[in-house]
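> Residue numbers (my numbering), protein chains in the order written: chain A, 1 to 785; chain B, 1001 to 1785. Every residue, glycine too, gets a C-beta built ideally from N, C-alpha and C. This is the structure I have questions about; it appears just below.
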């Protein structure tokens, strides 16, 4: 199924693809016509409120619903007993059988396992009544001691299962030999804090049962409507064509919005049972304790290094804090952390052991660049530590270890049977690194930083190099239709979480069939319109759906030229499409017949068809069994206030090769937005818990997010030097390149500013944490001296 | 494009097709889960009420809206000035340019032309407020004398246009020579009354504007959603993919429900302008004066007959009462009346002149068997008159003139250039006639009737022979998909008006792919799911969509067997589909692999696909440039009460050849239902007007419809002797065969009962009308003697 495609044209040689055109999505949004989940209502709808556990861990002995039931307007209240036949929420990876006992029931069964665990659902005629009723419900919970440290020894989860369902391993080479041969050994204990994507729009779900057609509709879907449709089909035991998901506007996804959560299942089932639409809109407090968390990992990592600074071996054991249940991704973040951990470097031998651990906190899953933000933090912290240990320049050390351009493509085969190889497809990592250094004026800034330090300022630089992965298959399709007004519908199974999906799909189609991209309407997230769909996750949308749209458009172009050729009695190879019309190549600026006219001649029964199927329409599928690997480097300059321990990012540069850019403005938007999110995880955002497992960050007063004032100047150096040979458009995903190394380079820059390598071992670097570190180091220094 | 297909198997040789299985449609309906227009609501919707002219004809000088505007809850009121840019309602036939000045504006412009003509539309938050406001609106109308007689001399309609926009002619042979050579000349003046289909569910339309996607939705669509979509696209100047129509359950169509009316356009435009959903549900009074009327024609007909009773020539001039405007069908009913008037007989020469006339009554269009109910009444009344004149038995006269089986297929070429030939495709008309006579026991009943007459009763028999036409092309398509649960979706552009569409489409598909028809979900009437669709009119659904489903299913079968053959390493011709599974022909009762399993192996990216498009899905199109001609005969026995002039139908028989029956129970349902409607037009139903053009039948107290008590025993003799060679299933439409000759045979039976041939010249034969006729005849008799 994998092909090596010819090198696609560069943006400058294309009419619209790769150009920075305006977003198609923006018009309804800026005009106040957006249709977010909260905007969707159906007549006679009920409102759902979820009653959540106030205990991190405990036996659920009973629930007193009597007062709530008596409240006028309450139509139904469900506990686990009301949905006893419903299985727990399924996850995608069928191979993760070992994780099955750890799945979350839609309403808690016997035990509660985190603060926020749903124990009951109230359905009322009014959202305020539902909320009042929820507050009257008393869950009788016998508290148990919570498990909060993922790296502590495993304890019991439930009968026969402990809190470590699985340990995952990736390795290659002879790691023991590498360490035996090492001139230097560097060890680190590093932690990435628990944080997550926090979209502007909280979650929302509206279930509706169409009794006339026996169809369940879930409105407010996002990200992966088709996958969730499939999961719901399995869970509810209904045929696939009897459940439809509908995506409206989505106020941010970032991996967490759009996964299948207990509330989605509840509104759907309630709509069917109560025969009324059921609406649920999450409030912010709920969001911060009920939607997926992410990132929390502790890594114990050792490097074997030769005296000239080459990495002979990397040995990494880590503990992944999954929270209370396994959600839809299974153990994907753990696996991805270790498969991508070696990044852009040639490392002689590698071993990674990932402990997948349950704790009594909110369940975790993927957040933008899952496993890579964490892994890059670990790898690049290690590179800084090695440089410090060897007294070598950080940049020089990286130069010595980076995979040379002439070694590409480069494949890492892991020892473990069944573990997918890491087949880096294309790129010149050193070249981009050098370009980034030059663009950031690394040397100039070093001199300037030294000058400012001499003047008493505490400033420093950070650097990190990384590889991203995107475009996992297996397949996606699209159907394109030109109507008799010349408008084009691009029907996809993709999803739009705000990333500009409609615009780039329209650009891809417009490039192929020679129309104004503004006449194109891109359909996504509607499972009743197309049976399959890849959605929008893991930077798949551009690569998979984009190439499917390209292939479908090319098929449409061929069909248009075939019919035009017959109509005009001219060989197809003397015709082309331009400006929404068929033109002769000899006079390309004179439209011979518009596509609208041609579509009109292909109506059902039209003589021109001569038995062929009607309409100016074509389908296309893109299949792939490989992923693609964009790559980049981050550079940051920070200033630390030694008094307040506040860290100010003065400058950030993202150097990134996307293979082929579909729209540089959108790529830049993706990179800058992701970078700001990365800064949140590096400096501000953390879901903290107290000793009894109570979440301490359930408002925006405690969970701090970067705002415009915390956003530094962010420059982007977007290159297109290494188109992927694995898809016709040569593209690689752009969604995660802005966040990948942010934690790593901010940590390095802080160390550099302080002049104390190895200071930062934990993210986020909050003022409090930095203050403690400085105090510890101040204590230690006299000993070290 | 036309083919002669092989003779399809008979029902008894098929597994499910042609068998009397239960209707798929009934379950939601009998469980109270139907979703009719009235059941559809959207949050925040407005309710529309139409203000209608109380005058049949007049100048519209102004409208006083002030009082209505002041009513709380009134959001907007529109008159023509508010929608001045909107063109009148378009009709389909592009060749009918001469009719264009006679189209109806959505709201009356300058003049009102019938009682019920919309002059204003009120939009309010509540339907009762809207109705109250509508009653406060005063239209200042200067009355003009109404035109009520369609056969009077044409008068002015508007500047430059009179009330006869067109005269249509059909002829063949030398009519003058035929009359010159005739032994007998028979002349009649016959009238069919103004009546129409009156569905249980009145019309309803809900407009909704999806501002986020800039899409206009019209809910409550029926019959021809795709055609109406196309008309709205032209009228509103929007791209086709920005208007979607949705059909829910429909409480009867009969040709009149589902056409595009002013109210449909109003709710759609108002939804867009007012940015709120707009709902309109017609009340019964409105329905009877605003929905399409039909049938009203006066025929002056002459026959030239040889002494042995052969029809040498038929000369027919008629006046069609179109009412106040030309609606979506243009002049189709006039054209169809004359093209089908010769029916099953060989007639030496023929001439028909149809006057298409405007009057100040409700506009008219098609009603079940349009033009055929009227034409058969004329032709069969003439046959009775000739028999009376020649003193010949009515049955014998018909035998002499009917087209012999050995002359089939038989084509009539009309003289007029551009007029389509009448190409009767297959059948043995005399054989079916004889079967019908035998089944009705015509001879036995004649003797019995004579016996009862001798005993003083007034009883008689009527007979009529006819040809129907159905299945006009050009083309229809379907897409069939088997999902991973084994459920099958049949996606069509058809429509369901209650005729059992879902059931027969499922049977067709089930027969081809060997599944239980109950696992099939048939989609229809959703323009967002499929770009083209023929809808449900002129008995097209079974023939066009049915054959498309057959072809698509056959394609799906082929695709299933191809993949199964690869999987099982068995030649496809040794495999078959049965019981929802692939079986080996050698052991047909052992499922090897279910279709659900096979569908699961065709997911996107599956290895089995090897680059082919995914899914167990296939499309198919049926193209035709010919219609098909089912045929039949009706027989009735009536009793007349000479005192009250009440006519009781004692027995009815419908003999009908449908080529191949898809489901005999549904065919019978269609025939019996149509027959009862025919009895309504023959005896009860009439839209009457007084001298000032006021409609006198705007409630069910005045517009009398047949109920169960007026329904006689109706027997059906359904035969399948003459499958159409023009489609693979061999089918012919069944929707209109039960109504075609009802008016004719009831008239004949009344004449016979009275012993006075020629008594009935006008339908319906109301007691009052019969009383007058008897009185006139009683007066005339002494003179005649």
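(1) Under 8 Å, with one C-beta from each stretch per pair, do the segment 47-62 of chain A and the segment 128-141 of chain A reach the 3-pair mark?
(2) Taking only beta-carbon positions, decide if residue 1002 of chain B is within less than 8 Å of chain A.
(3) Compare the C-beta of residue 1619 of chain B with all C-beta atoms of chain A and state if any pair is closer than 8 Å.
(4) Is any beta-carbon of chain A found at less than 8 Å from that of residue 1199 of chain B?
(5) Are any of the Cβ atoms in chain B nearer than 8 Å to that of residue 627 of chain A?
(6) Given a cut-off of 8 Å, decide if residue 1611 of chain B and residue 740 of chain A are closer than it, judged by their beta-carbon atoms.
(7) Out of A:231, A:11, A:681, state which residue places its alpha-carbon closest to the alpha-carbon of residue 786 of chain A.
(8) Could one say the Cβ of residue 1247 of chain B lies closer than 8 Å to chain A's Cβ atoms, at least one of them?
(9) Less than 8 Å separating the beta-carbons of residue 1230 of chain B and residue 1240 of chain B?
(10) Is the number of C-beta pairs between the segment 1067-1078 of chain B and the segment 1144-1162 of chain B that are closer than 8 Å three or more?
(11) Taking buried to mean at least 16 other C-beta atoms within 10 Å of its own C-beta, is residue 483 of chain A buried or exposed?
(12) With a cut-off of 8 Å, does the C-beta of residue 1481 of chain B fall near any C-beta of chain A?
(13) Tell me, please, whether the CB atom of residue 1125 of chain B is closer than 8 Å to any CB atom in chain A?
(14) I need the straight-line Cα distance from residue 1079 of chain B to residue 1119 of chain B, nearest angstrom please.
(15) Chain B beta carbons: is any one of them nearer than 8 Å to that of residue 319 of chain A?
(16) In the segment 467-495 of chain A, which residues sit with their C-beta less than 9 Å from some C-beta in chain B, listed in chain order?
(17) Counting only C-beta atoms, is residue 691 of chain A closer than 8 Å to chain B at any point?
(18) What are the partner residues of residue 1475 of chain B, as DSSP defines its beta bridges?
(19) From which residue to which residue does the beta strand (DSSP E) around residue 1718 of chain B run?
(20) So, with DSSP's three-state summary, where would you put residue 1585 of chain B?
(21) Taking Cβ-Cβ distances below 7 Å as the criterion, which residues of the segment 27-39 of chain A are in contact with chain B?
(22) On the three-state DSSP scale, how would you describe residue 1016 of chain B?
(23) Our contact map puts residue 1510 of chain B next to residue 1016 of chain B with C-beta atoms below 8 Å; I'd like the distance itself, whole angstroms only.
(24) Since I believe residue 1642 of chain B is in contact with residue 1008 of chain B (beta carbons under 8 Å), could you give me their beta-carbon distance rounded to a whole number of angstroms?
(25) Return the chain-ordered ranges of every alpha helix (DSSP H) run that is complete within the segment 179-242 of chain A and spans a minimum of 4 residues.
(26) Out of B:1335, B:1615, B:1720, B:1583, state which residue places its alpha-carbon closest to the alpha-carbon of residue 1013 of chain B.
(27) Identify, in the order they occur along the chain, each residue of the same chain with its Cβ nearer than 6 Å to the Cβ of residue 175 of chain A, setting aside the five sequence neighbours on each side.
(28) Of the choices B:1401, B:1327, B:1177, B:1504, whose alpha-carbon is the least far from that of residue 1662 of chain B?
(29) Step through the CB atoms of chain B and report whether any lies within less than 8 Å of the CB of residue 42 of chain A.
(30) Considering only C-alpha positions, which residue in the set B:1564, B:1627, B:1389 is nearest to residue 1467 of chain B?
(31) Step through the CB atoms of chain E and report whether any lies within less than 8 Å of the CB of residue 613 of chain A.
(32) If you run the structure through DSSP and keep just helix, strand and coil, what is residue 501 of chain A?
(33) Using a cut-off of 7 Å between C-beta atoms, extract the partners of residue 1521 of chain B located in chain A.
(34) Find the residues of chain B that neighbour residue 532 of chain A, judging by a C-beta separation of less than 8 Å, and give them in chain order.
(35) Measuring CB atoms only, is the segment 671-686 of chain A touching the segment 701-711 of chain A, in the sense that at least three cross pairs come out at less than 8 Å?
(36) Can you pull the DSSP bridge partners for residue 1556 of chain B?
In this structure, then:
(1) yes
(2) Your numbering for residue 1002 of chain B matches position 2 in the second chain. Reliability fails at residue 1002 of chain B, whose pLDDT of 48 lies under 50, so the model's placement of it is uncertain and the value that follows must be treated cautiously. With 8 Å as the cut-off, residue 1002 of chain B does not count as an interface residue toward chain A.
(3) One-based indexing of the second chain puts residue 1619 of chain B at position 619. By this cut-off, residue 1619 of chain B is an interface position.
(4) For the purposes of this step, residue 1199 of chain B is taken as residue 199 along the second chain, with counting starting at 1. No, residue 1199 of chain B does not count as interfacial toward chain A.
(5) Indexing the first chain from 1 puts residue 627 of chain A at position 627. No, residue 627 of chain A does not count as interfacial toward chain B.
(6) Stepping through the first chain from its first residue, residue 740 of chain A is reached at position 740. Stepping through the second chain from its first residue, residue 1611 of chain B is reached at position 611. Against a cut-off of 8 Å, the Cβ pair of residue 1611 of chain B and residue 740 of chain A comes out as no contact.
(7) In the structure displayed, chain A extends from 1 to 785; residue 786 of chain A sits before or after that span and is not available.
(8) Within the second chain, the letter at position 247 stands for residue 1247 of chain B. No, residue 1247 of chain B does not count as interfacial toward chain A.
(9) Taking the second chain and counting its residues from 1, the one referred to as residue 1230 of chain B is at position 230. Taking the second chain and counting its residues from 1, the one referred to as residue 1240 of chain B is at position 240. A contact, by the Cβ cut-off of 8 Å.
(10) no
(11) As a working note, residue 483 of chain A is residue 483 in the first chain. With 16 or more other Cβ atoms within 10 Å, it is buried.
(12) As a working mapping, residue 1481 of chain B is identified with position 481 in the second chain. Yes - at least one Cβ of chain A is within 8 Å of the one on residue 1481 of chain B.
(13) Locating residue 1125 of chain B in the second chain gives position 125, where the first residue counts as 1. Not closer than 8 Å to any Cβ of chain A, the Cβ of residue 1125 of chain B fails to qualify, so no.
(14) On the second chain, residue 1079 of chain B is found 79 positions in, with the first residue counted as 1. On the second chain, residue 1119 of chain B is found 119 positions in, with the first residue counted as 1. Going from the Cα of residue 1079 of chain B to the Cα of residue 1119 of chain B covers about 6 Å.
(15) Taking the first residue of the first chain as position 1, residue 319 of chain A is located at position 319. No, because no Cβ of chain B sits closer than 8 Å to the Cβ of residue 319 of chain A.
(16) 473, 474, 475, 476, 477, 481, 483, 484, 485, 486, 487, 488, 489, 493
(17) In the first chain, residue 691 of chain A corresponds to position 691, counting from 1. No, no contact with chain B.
(18) Position 475 of the second chain, counted from the first residue, corresponds to residue 1475 of chain B. Answer is B:1623, bridged to residue 1475 of chain B.
(19) Residue mapping note: residue 1718 of chain B aligns to position 718 of the second chain, counting from 1. Looking at the DSSP string, the run of the beta strand (DSSP E) that includes residue 1718 of chain B is 1714-1719.
(20) Taking the second chain and counting its residues from 1, the one referred to as residue 1585 of chain B is at position 585. Coil at residue 1585 of chain B, not helix or strand.
(21) 28, 33, 34, 35
(22) Sequence index remark: in the second chain, residue 1016 of chain B carries index 16 (1-based). Coil at residue 1016 of chain B, not helix or strand.
(23) The sequence position of residue 1510 of chain B within the second chain is 510, counting from 1. The sequence position of residue 1016 of chain B within the second chain is 16, counting from 1. 5 Å between Cβ atoms; contact.
(24) Counted from its first residue, the second chain places residue 1008 of chain B at position 8. Counted from its first residue, the second chain places residue 1642 of chain B at position 642. No, residue 1008 of chain B and residue 1642 of chain B are not in contact; Cβ-Cβ is about 51 Å, not under 8 Å.
(25) 225-236
(26) Position 13 of the second chain, counted from the start, is the residue given in the question as residue 1013 of chain B. Considering only alpha carbons, the answer is B:1720.
(27) As a position in the first chain, residue 175 of chain A is number 175, starting the count at 1. Taken in chain order, the residues that qualify are 313, 315, 349, 351.
(28) Counting from one through the second chain, the residue named residue 1662 of chain B turns up at place 662. Looking at the Cα atoms, B:1504 is the closest of the given residues.
(29) Locating residue 42 of chain A in the first chain gives position 42, counting from the first residue. For residue 42 of chain A, the answer is yes, since a Cβ of chain B falls inside 8 Å of its Cβ.
(30) One-based indexing of the second chain puts residue 1467 of chain B at position 467. If we check each option's Cα against that of residue 1467 of chain B, B:1627 comes out closest.
(31) No chain E is part of this structure, whose protein chains are labelled A and B.
(32) Within the first chain, numbered from 1, the residue matching residue 501 of chain A stands at position 501. Note: residue 501 of chain A maps to helix in three-state DSSP.
(33) Numbered from its first residue, the second chain carries residue 1521 of chain B at position 521. Simply 241.
(34) The count along the first chain starts at 1 and reaches residue 532 of chain A at position 532. Simply 1603, 1604, 1614, 1615.
(35) yes
(36) Start at 1 with the first residue of the second chain, and residue 1556 of chain B comes out as number 556. DSSP lists no partner for residue 1556 of chain B.
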